[in-house]
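In the working numbering, the protein residues as written are 491 to 1037. Comments concern the structure below.
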């Protein structure tokens, strides 16, 4: 009699299977993801709906907007042009894109590394409340940078995430090659890699066949119920967030990243990070995020995020493992999932989830802690051992550290906790140390950066007022007792810089207020300044007769 050996599930495959099911259960919209190891696809899955409203399932034909994964393609083209001698990465940006003027004095290499001191004009205009007043043409980004440097505060050689910088790089490609950026993509990447299902948004309202519709689980009124936000967002995003692709094309592209070669381009050179000033941390190479998984391993690639879209493409080079996650679910934390899947596939332990798992027998307490010096505040959930840390920032995926001179995705940071006493802990986030003390209450934490704009002061008086962005409804101003206003007033854009707000006085009289933003002050509102003490644009107003 022949005895058959007992078949035992591979522990790696078992763990990956568990994570796959967990990821699917966490997705309420649509999802496509794949895992590759040494060139072979070891997991591949489609689930949910590409279009929830019309019950269109995700399939191998579904194209997902890639968002900021698109920056990898831009960097590859720049490095290809550099290898061909058409571009010198050490020359200043304004040598090739003169419209950037003084803002483009830093080198192209530093723009790729996001250490050129360029702001992100999208966030700058959105946070200031005039995002719906600009066209998002490249001219608006030139303007944004000129406003930014007018403050004479240099952020060069510090990490500032900048979509604008990569939009300028796309313009550079067009200036150097004499071709459209779409033609350059096709010539240098799409055709050589046979990416037949990767699409380019040309800046117009155009239909992309098989496109997944972004989905956000919020209260949605009839006006926005079936709205596709992609066309609006991707206008003017060439170079920074302009592509959509299906999973199979992304598998091909991830294989190229794993091979470290694209023609004459040495991708490993794109992983080199520049030493930055002071204690500013950077996880950014040249168009590639380089993220430590633990003290032995890292992953490189890029994440992508926009309203209703979450994506990730990362490679762990030692085990030659890659992961692609494409989703139209706004709540999928794609970077965390990428790290968990790569760690499982490479049989590594992650550094940042160092907190103990809870169990039913452990009494659980929630404690508030605050760092008086940096303003960082957390909620620590613990029983016998710490179990969970919630970090608060002004966006779900970003956190301000130190004095707010920079920001990093906290999902990607090593988070280490040193309990020194019952009233004092030390929290190390991304290499920055925060001495925390117990706090009875914490400052209110906005859910995302669009829900809070700031407190404004009239330069001609001591009158202060709040301005906030209400999702799906627009910008509102809180006059409080000024003008005896009885409720917040919605601000209606009139032209660049100007708004109109109709305020109802306590006696029922409607009064029209005209407001002007001083654009020169916008630069203090963008990425990289302290969350609760940021300077904001001054606001002037005139009280006019009722209309």
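Cβ coordinates follow ideal geometry from the N, Cα and C atoms, glycine included.
Going by the DSSP bridge assignment, what does residue i pair with across the sheet?
i: residue 554; result: 735
i: residue 574; result: BP columns for residue 574 are empty, so no partner.
i: residue 916; result: 908 and 925
i: residue 537; result: 521
i: residue 796; result: 799
i: residue 791; result: 779 and 804
What residue from the options has the CA that sits closest to residue i's CA?
i: residue 734; options: 838, 863 and 815; result: 815
i: residue 648; options: 763, 531 and 908; result: 763
i: residue 862; options: 680, 927, 671 and 824; result: 927
i: residue 506; options: 857, 730 and 832; result: 832
i: residue 860; options: 923, 530 and 820; result: 923
i: residue 528; options: 835, 740 and 913; result: 835
i: residue 542; options: 818, 916 and 930; result: 818
i: residue 750; options: 552, 743 and 758; result: 758
i: residue 581; options: 602, 564 and 562; result: 602
i: residue 549; options: 593, 596, 669 and 687; result: 687
i: residue 829; options: 525, 562, 511 and 517; result: 525
i: residue 703; options: 913, 788, 552 and 790; result: 552
i: residue 869; options: 908, 930 and 591; result: 930
i: residue 837; options: 978, 786 and 682; result: 786
i: residue 546; options: 610, 590 and 701; result: 701
i: residue 511; options: 594, 827 and 577; result: 827
i: residue 631; options: 504, 597, 783 and 591; result: 591
i: residue 531; options: 658, 650 and 743; result: 743
i: residue 796; options: 514, 782 and 821; result: 821
Helix, strand or coil: how does DSSP classify residue i here?
i: residue 856; result: strand
i: residue 786; result: coil
i: residue 669; result: coil
i: residue 549; result: coil
i: residue 526; result: strand
i: residue 590; result: helix
i: residue 664; result: helix
i: residue 518; result: coil
i: residue 750; result: coil
i: residue 606; result: strand
i: residue 544; result: coil
i: residue 701; result: strand
i: residue 755; result: strand
i: residue 931; result: coil
i: residue 706; result: coil
i: residue 684; result: coil
i: residue 532; result: strand
i: residue 774; result: strand
i: residue 580; result: coil
i: residue 729; result: coil
i: residue 838; result: coil
i: residue 940; result: Its pLDDT being 28, under 50, residue 940 is placed unreliably by the model, and nothing is read from it.
i: residue 651; result: coil
i: residue 677; result: helix
i: residue 595; result: coil
Need the endpoints of the beta strand (DSSP E) that residue i sits in, please.
i: residue 800; result: 799-806
i: residue 688; result: 688-690
With C-beta atoms as the reference, is residue i less than 7 angstroms away from residue j?
i: residue 755; j: residue 573; result: yes
i: residue 519; j: residue 653; result: no
i: residue 799; j: residue 588; result: no
i: residue 727; j: residue 812; result: no
i: residue 663; j: residue 567; result: yes
i: residue 660; j: residue 667; result: no
i: residue 739; j: residue 685; result: yes
i: residue 729; j: residue 774; result: no
i: residue 522; j: residue 536; result: yes
i: residue 825; j: residue 802; result: yes
i: residue 678; j: residue 560; result: no
i: residue 563; j: residue 665; result: no
i: residue 790; j: residue 805; result: yes
i: residue 788; j: residue 558; result: no
i: residue 599; j: residue 579; result: yes
i: residue 594; j: residue 583; result: yes
For the alpha helix (DSSP H) containing residue i, list its first residue and its last residue.
i: residue 584; result: 583-586
i: residue 598; result: 598-602
i: residue 816; result: Not the alpha helix (DSSP H): residue 816 falls in the beta strand (DSSP E), residues 811-817.
i: residue 831; result: 824-835
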